[in-house]
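**Student:** The structure is given below, and queries will be raised subsequently.
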Amino acid sequence: MVVTGLGVLAPNGHGLEAFERALRSGESGIRFVPELAELKFGCQVGGIPQGVDQIQSRYLSDEELFAMNPNMVYAAIAAIDAWTDAGLPRIAPDAEPDWNSGAVLGTGIGGIDTIAEKLAPKTDAGKVARLGSTMVEQIMSSGNSARVAGLLGLGNQVTTNSSACNTGTEAVVDAFLRIREGRAERMLAGGSEGHSRYIWAGFDAMKVLNRTKNDAPAEASRPMSASAAGFIPGSGAGVLVLESLASARARGARIWAEVLGGYVNCGGHRLGGSMTAPNPTSVQRCIRGAVAMAGIRPDQIDLINGHLTATFADPHEVENWRAALEVSPEKLPLIQSTKSLIGHALGAAGGIECVASVLQLGRGFAHGSLNCEDLHPALGPFAGRVVHRTRDLPELRVVAKASFGFGDVNGCVIFQKFSE
Amino acid sequence: MTEQEVFEKVVAIIKPFAKAPEALASAKMETSILKDLKVNSARLVDVVLEIEDAFEIEVKDEDADKVKTIGDAVKLIVEAKA
């Protein structure tokens, strides 16, 4: 099983070249969001893809955009980019769909902005007849994948998964398993999330967002630091084309990486887990499950792209990696947080970060994590393993990517550099 | 507003929904909104809403259901404004 295409729309870059540049140079995508200040949010910064108004018209017609919210637009742009990057042809509107290609494109919150801005006010005002025809397709959970299916002519399974912050990574695992079962030749996999005060308000109310760096947005996302004070909300989309090796070879596709294995599970809100906290045992089982399926030894992992959001959980996560891989702290693989650059893109996070993982494998580098110069004291023993500054790593062979989400859910996927 | 002016305004309203731009460019009164202009049938609801706003009229559901061609829409608008 291999990855043949990547597409990304992130707060710090659209497209692989821009995203790679931003990762390498440590360019933050976190900006001050005036609307959040006006609305008295505690956290007034966020990660929002830039220039989408100009970008979207290159990808989507007026008729399509009329019925799409940002969540759907982001998914469509990243999916079309991934499809194009994989060298796959666009299917004519009057042709048969591609029966062998499908999609698992997740979202965490979905079209809540459409509900809050349009559906609820008009419905409550007795103006249902003024809602128009596009409400359902924008608020149904599967709105993002459904739109992509039509744009690309997908004829295999097309669905939207949702497991909070684990969504994008879970999508990759689900797509991987479907191809492995022989039920599809290739699957688009990843996640998307719009940006909206309505998506972010609930997190702000929980006090899980950092409200201490509104005047210094680039310093606001601080995973693994002693001064971590909550995550920064993000948005965007990341999509991979997963494909059977036989299919990739048959069409002479360029191969980004191999997918060795993946695992998802849940902690059942037991053994220290809850709706909002991870059960350490289940996190470790998840990582071990992925490693076992990959058929590798833990010491073969070169780089961990962690979940690492900048909440209290970061030191626990790193310790869980250590325990799962059964290594001493100084032997932990290198570890990084992409969220330090783009914030936490919720349902899109796993997708964008899987793209970052595969991109680093393909281009031979490990990007630095911003804002953890003041490493959390509990991470002292791991200090040498945290990638602070981007380094070229031509020998990079195996990357482990994990995501953990509300609901006590976990996902882990192992990518390896492809060699014949 | 003349019938021709109403016709042009209706064509402009339909334009973002039409998937057959060449048919729209040569649209006539008898041009079918669904068959010729390839407007998604679900979007007729949105076309009618925009007509209501643009011409400041109210279109009853049963009248909206009868609109098949651009001419049908023009006739409905002209009658409502009369």
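Respectively, the protein sequence lines represent chains R and F.
Under the numbering used here, the first sequence has 9 at position 9, and the numbering climbs by one with no breaks.
Under the numbering used here, the second sequence has 69 at position 69, and the numbering climbs by one with no breaks.
From the three backbone atoms N, C-alpha and C, an ideal C-beta is built for every residue, glycine too.
Look at the Cβ atom of Phe176(R), then the Cβ atom of Gly42(R), and state whether they are nearer than 8 Å.
**Tutor:** Their beta carbons are not under 8 Å apart, which means Phe176(R) does not touch Gly42(R) by this criterion.
**Student:** Locate the alpha helix (DSSP H) running through Ser25(R), then write down its first and last residues.
**Tutor:** From DSSP, the alpha helix (DSSP H) with Ser25(R) extends over 16-25.
**Student:** So what's Asn166(R) in DSSP terms, helix, strand or just coil?
**Tutor:** Three-state result, Asn166(R): coil.
**Student:** Mind listing, in chain order, the continuous alpha helix (DSSP H) runs of no fewer than 4 residues lying wholly within the segment 18-62 of chain F?
**Tutor:** Counting only runs of 4 or more, we get 21-25, 44-55.
**Student:** Could you check whether the Cβ of Phe66(R) sits closer than 8 Å to any Cβ belonging to chain F?
**Tutor:** Answer yes: the Cβ-Cβ gap between Phe66(R) and chain F drops below 8 Å somewhere.
**Student:** Verify the contact flag: His344(R), CB atom, against every heavy atom of the ligand MG, threshold strictly below 7 Å.
**Tutor:** Among the components of this structure there are no ligands whatsoever, and the ligand MG is therefore not found.
**Student:** For Ala250(R), report the span of its alpha helix (DSSP H) as first-last.
**Tutor:** Element bounds for Ala250(R): 245-250.
**Student:** Output the residue ranges of the alpha helix (DSSP H) runs that lie fully inside the segment 311-348 of chain R and measure 4 residues or longer, sorted by chain position.
**Tutor:** Fully enclosed alpha helix (DSSP H) runs of 4 or longer: 314-325, 339-342.
**Student:** Excluding the 5 residues preceding and the 5 following Asp314(R) in the sequence, name in chain order all residues of the same chain whose CB lies nearer than 7 Å to its CB.
**Tutor:** For Asp314(R), where only same-chain residues beyond five positions count, the Cβ hits under 7 Å are Pro223, Met224, Ala228, Leu308, His376.
**Student:** For the segment 39-65 of chain F, which residues have a CB atom closer than 7 Å to at least one CB atom of chain R, in sequence order?
**Tutor:** Within the segment 39-65 of chain F, the residues whose Cβ lies closer than 7 Å to some Cβ of chain R are Ala42, Arg43, Val45, Asp46, Leu49, listed in chain order.
**Student:** With a CB to CB cut of under 6 Å and the five nearest residues on each side skipped, what residues in its chain are close to Lys213(R)?
**Tutor:** Around Lys213(R): Glu219, Ala220.
**Student:** Please confirm if Ser133(R) has its CB atom under 8 Å from at least one CB of chain F.
**Tutor:** Yes - at least one Cβ of chain F is within 8 Å of the one on Ser133(R).
**Student:** Does any residue of chain F have a CB that is nearer than 8 Å to the CB of Asp62(R)?
**Tutor:** At least one chain F Cβ lies under 8 Å of Asp62(R).
**Student:** Look at the alpha carbon of Arg24(R) and the alpha carbon of Leu393(R), and state the distance between them as a whole number of angstroms.
**Tutor:** Approximately 12 Å between the Cα atoms of the pair.
**Student:** Under three-state DSSP, which class holds Val6(F)?
**Tutor:** Of the three classes helix, strand and coil, the one that applies to Val6(F) here is helix, per DSSP.
**Student:** Give the secondary structure of Asp124(R) by DSSP, where H, G and I count as helix, E and B as strand, and everything else as coil.
**Tutor:** Three-state DSSP puts Asp124(R) in a helix.
**Student:** To which residues of the same chain is Thr4(R) closer than 7 Å at the C-beta, ignoring the five residues directly before and after it?
**Tutor:** Excluding residues within five positions, the ones whose Cβ falls inside 7 Å are Ala86, Val241, Glu243, Ala248, Ala253, Arg254, Ile255, Trp256.
**Student:** Tell me whether Phe312(R) is buried or exposed, calling it buried when 16 or more other Cβ atoms sit within 10 Å of its Cβ.
**Tutor:** Phe312(R) should be labelled exposed.
**Student:** Taking contact to mean at least 3 C-beta pairs separated by less than 8 Å, is the segment 178-194 of chain R in contact with the segment 60-71 of chain R?
**Tutor:** The answer is yes - the segment 60-71 of chain R touches the segment 178-194 of chain R, with three or more Cβ pairs under 8 Å.
**Student:** Using three-state DSSP, classify Thr159(R) as helix, strand or coil.
**Tutor:** Strand at Thr159(R).
**Student:** How is Thr69(F) classed by DSSP in three states: helix, strand or coil?
**Tutor:** If DSSP states are grouped into helix, strand and coil, Thr69(F) belongs with the strands.
**Student:** Measure how close the beta-carbons of Gly350(R) and Ser403(R) come, nearest whole angstrom, since I'm counting them as under 8 Å.
**Tutor:** Rounded, the Cβ-Cβ distance is 4 Å, consistent with contact.
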